[in-house]
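There are 2 protein chains.
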Amino acid sequence: MKVRVDVMLKTGVLDPQGEAVRHALGSLGFDGVEGVRQGKVIELELADGTTEDTVKEMCEKLLANTVIESYRIHMG
Amino acid sequence: MKVRVDVMLKTGVLDPQGEAVRHALGSLGFDGVEGVRQGKVIELELADGTTEDTVKEMCEKLLANTVIESYRIHMG
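Here the protein sequences line up with chains P and G, keeping their order. Under my numbering, residues 1 to 76 are what the first sequence spells out, in order. Under my numbering, residues 1 to 76 are what the second sequence spells out, in order.
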């Protein structure tokens, strides 16, 4: 089964990568770029029957740094 | 307006980051992890009226390395 996890920096946490992209888009001539936030998409191919709790545990232990990141789980 | 862009490695392209995560999950005791692919989520805050073509151009020029990556645009 396929599960997707989106991991984003929590609001308020400085996002240097996002800032860098915003500046680069500006210098490429794209105006109207008011903000950019960059995060991770993790697509997991898991054995059938894997529960959302197990995926949550994967996020808490490894996939997300829960001090500065939040995550959303999209089950298969 | 908010636009989300998912950038993933094209199928067939080796994903060392995904492999590293897969091994780490295994060593943390999670079995049944058959595959892991990791990509980027880019959330853009754009001026109202920005067209999908403009976002496509941003992807082609900067946000995705179209030789090895594919992207999906989710307009606001």
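Ideal Cβ positions, reconstructed from N, Cα and C, are used throughout, including at glycine.
{"query": "Tell me, please, whether the CB atom of threonine 66 of chain G is closer than 7 Å to any CB atom in chain P?", "result": "no"}
{"query": "Judging by CA-CA distance, which residue of P:Ala24, P:Arg4, P:Thr11, P:Asp6 is the nearest neighbour of lysine 61 of chain G?", "result": "P:Ala24"}
{"query": "Between the segment 30 to 42 of chain P and chain G, which residues of the former have a C-beta closer than 7 Å to a C-beta of the latter?", "result": "Phe30, Gly32, Val33, Glu34, Gly35, Val36, Arg37, Gln38, Gly39, Lys40, Val41, Ile42"}
{"query": "Quick check on the DSSP output: the beta strand (DSSP E) that includes valine 3 of chain P runs from which residue to which?", "result": "2 to 9"}
{"query": "Do threonine 50 of chain G and glycine 32 of chain P have their C-beta atoms closer together than 7 Å?", "result": "yes"}
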